[in-house]
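These notes are about the structure you will find just below.
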Amino acid sequence: MLRWLLGGRDVQEPVEKSLVLCIGDEQPQNPYTELRVLKGHSDIVRFIAWIDDLRFASAGDDGVVFVWNVQTGERLHELRGHSRPITAIAVFPSVLQLQPESCHLLTASSDKTVIIWDLNTGTQIYLLTEFQSSVKCLMIIERLDVWLSGGDKVCTWNCQAELLCKTTCFKDADVSSMIELPKNNIAAVVRKDVVIFKLIPLSSETQAWEIIEMRRLSNHEDDIRALITINDNTFATGSHIGELIIWDSLDWSVQASESQFWNAAPQFDKPAEIKISLTPNQHETCIHHLSSDRENIFAAIGTGIYVYNLQTKTVIAYQQLAHDSRVLHIAKLPNNQLVSCSEDGSVRLWELQELPPAEPATSGLFNMWGIGRPNKQQNQMAKRKLECSVLKTLELIGDLIGHSGAVRMFLYFKDHGMVTCSTDHLIILWKDGEMESQFRSKKLFQKLEQEEQYAASL
Amino acid sequence: MITAPDVVALTHEDDYEEQYRDDSMPPFQFQPENPWSKTATAKFEKDFILISEFSEQVGPQPLLTIPENARDNFDLNYFSLRIMSVDYQASFVGHPPGTSYPKLNFVEDSKVVLGDSKEGAFAYVHHLTLYDLEARGFVRPFCVAYISADENKIMQQFQELSDDFSKASECLKTGNRKAFATELEKKLQDLEYTRNVLHNETEIQKRSNDKGYYSSVAIEKANELANVEKCIIEHEDLLMQIRTYSHKKTKDAHYFSYEPEYGTEPSDTGLGHQSNESCDKINFSNSRSYTPKFTRAKSAKCFEKKLKTLEELCDSYFFNQTLEQLKQVEKFFRGDVCYLITSQIEKLLLQQQRLTSFLFEDTLFFDKERTEKQQRCDKPLPVFNILSPKDLEHPCLSNEAASFESYKSCVESVPIKLDQQVNEESYHGTVADSIPCKNPPGASDYLELEGKEKGSVSSGESIEVLGTEKSCPAPIFSKSDSQTNLQCQHPEIVRRKFVVTKRTNSEDSIEVLCTTESLIPEDFKATCPSAIYEEDNTLDNEEEKQLSTDLVQSDANLNHSNGFSKADFENNTIMLPVLSEPVDSPCCIGKESPNFTKSVSTFVTEEYNDGVVNVPPQRSKTIDQIFHSDFPQQDDRNGLYGADDQVLSTYEKKYSDVPGTGETVQIPVDEYLDNMSYISASLCSDRTPSPALPNCPIKRLSGKHKKQSGRNSLWFIRQYSFAQQAIFSLLTGRMLVIVGEQEGKVKKLVNALSTFVPNCGSDSDSIKQWVTFPLHINHLQTWKLIGLQRIASPLGTSILHSLNRYSRYISILDCDNKTLRCPQYKGLLITRLADHRTQIKRGSTYYMHVHNMLTQLCSQAFLYTFCHHLHLPVDERETEESVTCRRVNFLKHHLGLMNDDSKIVQYFADLIKMRYLHEPAKGVNPVLRFNYTSSSVFKI
C-alpha cells in the first residue's frame, strides 16, 4: 500500500518483511464498523474504569478524570482536582448495587493525594492528603466496606475516609498492586515479592482494625508485573522476565510455574542462513498483563499472547508475534473473543480455535515460528510441549486501527462495543455499526411516536 | 502575483469545445436564449426598473433606470408619459371643505399593470406621492415601474413585484416624511422669525402713532402679521400631521427605529447613522443652527423655485437604500418567468423537504434563513421615527371615539419642537399660568404642554389666532394655544378630517383609477387589524425574497479560496467608474463572455502557431490588458475562467503524454485565477457590501458555480475511467483523498468531485481543498473529500505514512500517477450517474442530471428510513433476522437497488437518522462509519 503510494518515483527502499501476522482489510468477523473519537484529555490516558452499563471514567497523566456516556460519547463530568498524573483509579462499589446514588470514584495521583468523587454529581467528596508517597494502587473490599491504598505502606480506610490501620513502611519499595484473597487476606506485590497481609476487622475481641504481615513469597527472580485472582483458590503472578507462578490462595503455596514462554515457540530446524533481524521487543519476555477466565490464563508477554490452561498446566495456544510492539493489555470478552492491545497503536481481535489435528505444522501461524535463536536444550523441551500441549490456535479475526499511540487499555461494554484509551490522548469508542444503525432506527421511531403524541395532545 | 513566468497560454479550440462552450448561463436564465420569448417586438432586451416623476413644471419625465443603461433604444420619455398618465389625482390640495387648514393626504400607493404595444413593453407601475413643501399641494407624484417585454412575467409575478416595490416605496416615503418634517421645521422657524419682526414693527407703529387711529401702513402690517400667524398655524398643523402619520405607520409595522447597522453609506448622510434619539438631537441642533430668514408670508405654495430632486426629497440615506433595494429586486426578477416560477416552487418544495434536503441541497439556505430572520427581527427596517419612543403610546387620531380624557392625554403628549430663540424671546410676554410648563431653554427637545391644555380647551381661545391685538404680546401663548386647538379644538373637527380623508381616497383613488389592488384608506388601515397583518405579511415575504435574492447572487467560492462572494462583486461593480463601453454590467455576464473568450483564444492560438511554447508572461499580459481595458470586472473573471478551462483542457489533451511540463504549466494558471479573482474582488472591496448580502463564505451554491462544478465533474468523468469508483466512495461516506504534487490540479479534482459529497448534517465542512499535514483520526470523522499535498520531505513521508495507516478508511486518488485505490464498485446506479461516454455536453446540464439522480436517491433513502416495518418487528414473535431479511428485500426489490447501490441508500438513511435525532450531541465528534472491505488499485 505504502509502496503503491510512493509510486515508482522513489527508489524502492527495502521494506522489511513483516513477521507479524497480518490481516487484510477484509474482516468479515470484525463487528466494529463505527468509531467515535472522544477528545478531552491533554496527556496520556492510562486508565478507563467501568462505572455502569452506560458510563465509564477515564484518567491519565493530565490529572483530570472524565466521566463519559458510552452510548452517545457525551462527556458527563469533568473531575479536576489532581495536579499530577493519576496513578490508580477504582470505582466504589465496583459492582453496581441497588443504590446507584452512592456511586463513588477513588483516584490516586502522584501529587500524593487521593480524592473520592461522587460520580452522580461530579463533585469531590473527600480529599486525602496524609500520604508520604504517592499511592500506586487502590483496592476496595466491599464485603467489609473498606478500601486500601498501597504506596510505601498499605493503609486501610473506611468509606468516610478515616484511616483504620496501616502497615509499616516498606524500604525502598512500593506496593505496586494488590488483590484480595480469601479469609480477609491480601496479596500485595512489593518488587520481587508477594507479601500476604491479614486484615483483622473491628470485632468484639479487637479494639481496632489491624493489618498483619503473614508471609513474604520470594519465588520470582525479577520484579512482578502482574497479579491477578484466578478463582477462589488460586491467584497468579507474572514477572518481568516472564515467570508465571500460580499460587494457592489459602496456603500460599506454588501450584505451578512456567518460565520459558518465549521458547514455547518450537525451533523447527530451519536452515540457519535465514536470519531475520528481530527488533528488541521481540526478545522481550516481560509479562505485561495477565487475565483469566477461570480455565485459562491469558498472558501478554512481550509482543506475544499466550493461553495457559490451568488444568493441563501448559500453554495451549499462543502467538509469539501478535503485535508489532509490546502487548499492554489482554482480556477475553464475554463474546469469546480475545482482545489484545499494544504499543503499536492497534487492537487485535483473536479467536481461540481448535487446531485441525491432522496438519498441525502447516497451519498458517506455524510459519511464524521459524524465528528465534536455536537452542538445543530448550528445543527438545519445546518439541515436547508442542506435541502434547498446543492444542488450539489463535486466529486473528480483526484489528482496530485508529490510535496513533500505544493503546494502554480497553474496556468492553456488552451493548455499546469497546472503549480504548491511548497515549495519543484520545479515547475511541468502537461500535458495531449494524447494531448502532438499528438502535438509531428504534430511537427514530420512538421520537416520531413522541412527536405524534405531542401533536395529538395539542 | 501576476507574473507567472511559466505560464504558457496555448490552445486551439477543438471542435467539441467550440461547439459547446459552456460559458453561458443556463438556458433559461436570460431571455435572449429563450426561443419562446416575446422580446422580438420589444426594443429592449432586459427587464429594468424605471423611476419617473410627473413634474409640475415639465410633465412626466424619467428620472433614472436600474440598471442604469439598460434601455437600449427604448423611449423612456414616451413611456414615462404612458405610465404617469394612469396615475391618479394624487392628492388633495389645500383646504378641504370644513377645515380651515390644509390637509395632507396619506394615500396608499397604487399598483397598475399596463402594456404598450408601441414599445412592446409591459410594466408593473407603482405610483407613490412624496411631500414637498414647495410643490403644488405639497405633493410630488412619482412612480416606480418594472418594465419587461413579457406580459406574462409581470402578471405572474405581480404579487412579488408588488411586495418588493411597496417596500421600496415605503423606504422612500419614510425618508420623505423625515425630510418633509425637517423642511417644515425650518419653515416654521422662518415664520416665527418673520412674525417677531413684523410684530416689533407693528408695535413701533403703534407707539409712534398716538393719534387714535391706525394708519394704512399699520393696518397693512397687522394684516401681514395675521397672515403669518395663519401660515404658522397651517405649517404646524402640517408638521403635526406628518409626525402623527409616521408614528402611526411605525406602530403598525412594528419597527421603531433604524439601526446604525445601515450606516455603511457615505458620510453625507450623517443623519442616517444616528439612532432615534440622537437623530432627534441632531435634528434639533440642526434647526437650532439654522438661521431663520424673513419670509414674505404669502402662502406655502410657490411655483417659481427649482424643484427638489428625488434624493433631496427623500434624504439621501433613504434614497440610496431604496436604490439598493431596487437593484436587488431587479436582480431577483432577472430571467424568464418560467425560470423564476420554477425556482420559487423549488424553494417552497425544498422547505418541505427538510428531512432529506440537507444531504445535497445548500444547507445554508435553511440555516441562513433562520438566522437571518432572527437578525431581521433584531434589527428592524430602517425607519426614521420622528416621534420619540415615549410618545409611541400616543392614542391620538387612531381612536375616533376617544373620550375627553383621551384627548387630554393626547394633547399632553403632543411634542412641539420649540427652538430656543423663540422660547427666550417670548418668555417675558407669556401669561403667568403658562410659565410652569416651560422648560428651561435647551433643557429638553420637546416642550410638553402640561397643565396648559385644560385652560385652552375650556376657554377656547382660538380666536386669538386670527390676529387681534391681544394676541400679539403673547406669541408663544398663542402658538401653543393654537397648537392645542389644532389637536383638539373639538372632536368634530378631528372627525371631520377623517371623513374628508376617506372621501378623498375613495373618490380619487379607488373609483377614478382602475388599479389592480384595492386601496385601503390610511385611516382605516390604522384601525383595522387585518391591515396590520397584511403589512406584516408583506414584510415577511419581502424578507424571504431578499434572502433568496442573496442566495442567488452569492457565490460559492469552490474554486477560490478567498472569501469574496460574487454578490459583493456584482454589487460593487455597479459602483465602478464609467465603463468605456456601454455594457450594462450586471446583466450581461453570459452575453459578454464569449466576446472575451474569443479574444483570448485567438491570442493564444497565435502564440501556439508561432511555436512559442514557453513564453511565460503572455497570459498575465492578456489579463493586464483586460484589466486596463475597463471591462466590467465580473465579466473578466467569468470569461477568463471559462477561457482558462478550455485552455487547460485542450492543453491537457495535447500534453497529457508529456508528464513534467504539462503539470508545471497548469498550476500557476489555476493559482493565477485564484489570484485574479482575488485581485478583482479586492479592487472593489473598499466598498463595504450592502447589509443585505451575506458575508459568510458559502460552500456550494447556485448559478455560475453549479455550472462550474458541473463542468468540472463532467471533465472528471470523461478523463478518469475510474470516476465511478471514486464517486462510489464519496456516496458511501468513505473519505476520498486526492494526493498530488500540484495544488491547482488537486483543487480542480476536489472541485470536480465536490458535487457528490453528501452533507453529513453537521456544521463542519466536509471538503478541504488543500491539506499539507498528516491526517489524524479526527479528520477522518469530519472530512469526506480532501486534497493532500505530496512532497518529498520528512513531512511528506509522514503524510504518506498516515495515509498508509488509515488506508482502510479512505480511498486515495493519486493525481500524479492517475491511479485510484478504493473498494471496487459493483452496481448500476453510478454507471448512470457518471457515464464517461455521456452525451451531456454542458456543465449545468450535467449538474442537474447529477442532482436529479441524487434527489432520487435521497427520496429512496427517506422511504427506507421511515418505513416502520423495515426496522422494527411487526409483532413480538418476529425475530431480528426476519426484519433484516425484509430490509434487504425492500432495498433489492422495491427500490431496485443491487449490490453496492443499496449501501449508498443505507448510508444516506443513516445520515438522515442522525440528523433527525440531532446526533451527534453538541461537542461530540461525529461517528466514522466504515466497512472492512478490500481495496483495489485502478489505473486509467
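Those protein sequence lines, which keep their order, are chains A and B.
According to my numbering, the first sequence holds residues 1 to 458 in order.
According to my numbering, the second sequence holds residues 1001 to 1940 in order.
Even glycine gets a Cβ: it sits at the ideal position worked out from N, Cα and C.
Computed from a prediction, not measured in an experiment: that's the story for all the values here.
Query, Result
"Spatial distance of I1733 (chain B) from S1807 (chain B) (CA atoms)", "The amino acid at residue 1733 (chain B) is misidentified as Ile; the sequence shows Gly. Rounded to the nearest angstrom, the two C-alpha atoms are 14 Å apart."
"Under 9 Å between C-beta atoms of A49 (chain A) and L411 (chain A)", "yes"
"Cβ pair Q132 (chain A), C165 (chain A) closer than 9 Å", "no"
"Option nearest K431 (chain A) by Cα separation, candidates A:L35, A:C22, A:N30", "A:L35"
"7 Å Cβ cut-off: residues of chain A touching T1933 (chain B)", "D25, E26"
"Residue environment, K1167 (chain B), which counts as buried when at least 16 other CB atoms sit within 10 Å", "buried"
"Spatial neighbours of F1138 (chain B) in its chain, beta-carbon cut-off 6 Å, leaving aside the 5 residues before and after", "Y1131"
"Where the beta strand (DSSP E) containing Y1806 (chain B) begins and where it ends", "Y1806 (chain B) -> no beta strand (DSSP E), and no H or E assigned at all."
"Chain-ordered residues of the stretch 70-98 of chain A with a beta carbon less than 9 Å from chain B", "T72, G73, E74, R75"
"Pair within 9 Å by beta-carbon distance, G1843 (chain B) and L1714 (chain B)", "yes"
"Cβ distance (whole Å) where D193 (chain A) is taken to contact R216 (chain A) below 8 Å", "5 Å"
"Interface partners of E34 (chain A) on chain B, CB under 9 Å", "V1927, L1928, R1929, F1930"
"Cβ-Cβ distance between L119 (chain A) and V146 (chain A) below 9 Å", "no"
"Check whether F1890 (chain B) and A1861 (chain B) have beta carbons under 9 Å apart", "no"
"Inter-residue spacing [alpha-carbon to alpha-carbon] between C1396 (chain B) and Q1057 (chain B)", "Its pLDDT being 39, under 50, C1396 (chain B) is placed unreliably by the model, and the measurement read from it follows with that caveat. The alpha-carbon atoms of C1396 (chain B) and Q1057 (chain B) are separated by roughly 37 Å."
"Length of the line joining the Cα atoms of F1930 (chain B) and Y1809 (chain B)", "6 Å"
"Beta-carbon spacing of G345 (chain A), I401 (chain A) below 9 Å", "yes"
"The beta strand (DSSP E) enclosing V1937 (chain B), as first and last residue numbers", "1935-1939"
"Beta-carbon spacing of L1114 (chain B), F445 (chain A) below 9 Å", "no"
"Cross-strand partners of W117 (chain A) (DSSP beta bridge)", "A:L105, A:Q124"
"As assigned by DSSP and simplified to three states, the class of T1515 (chain B)", "Any reading at T1515 (chain B) needs caution, since the residue's pLDDT is 35, under 50, leaving its predicted position unreliable; the model's value is listed next. Coil at T1515 (chain B), not helix or strand."
"Any C-beta of chain B under 9 Å from that of N30 (chain A)", "yes"
"Selection from B:L1323, B:T1356, B:Y1124, B:C1822 that minimises the alpha carbon distance to N1915 (chain B)", "This sequence places Arg at residue 1915 (chain B); Asn is not what is there. Looking at the Cα atoms, B:T1356 is the closest of the given residues."
"Start-to-end residues for the beta strand (DSSP E) that takes in K1922 (chain B)", "Unbroken run through K1922 (chain B): none, as it is neither H nor E."
"Cutoff 9 Å: I401 (chain A) Cβ touching any chain B Cβ", "yes"
"Same chain, Cβ closer than 7 Å to L1854 (chain B), five either side skipped, listed in chain order", "F1360"
"Inter-residue spacing [alpha-carbon to alpha-carbon] between G1787 (chain B) and I1767 (chain B)", "9 Å"
"Residue environment, I212 (chain A), which counts as buried when at least 16 other CB atoms sit within 10 Å", "exposed"
"I1051 (chain B) burial status per 10 Å Cβ neighbour count (16 or more: buried)", "buried"
"Stretch-stretch touch, CB-based, cutoff 8 Å, three pairs: the stretch 1894-1913 of chain B with the stretch 1844-1852 of chain B", "no"
"Listed by chain order, chain B residues near L444 (chain A) by CB distance under 9 Å", "T1865, F1866, H1871, I1912, K1913, Y1916, L1917"
"Partners in chain A for P1920 (chain B), counting only beta-carbon separations shorter than 8 Å", "R36, T72, G73"
"Residue of A:I116, A:T87, A:A455, A:E162 minimising C-alpha distance to V135 (chain A)", "A:T87"
"The stretch 1317-1336 of chain B contacting the stretch 1875-1889 of chain B, beta-carbon criterion three pairs below 8 Å", "no"
"Closer than 9 Å to chain A by CB, Y1806 (chain B)", "yes"
"Proximity test, Cβ basis, 9 Å: L244 (chain A) and chain B", "no"
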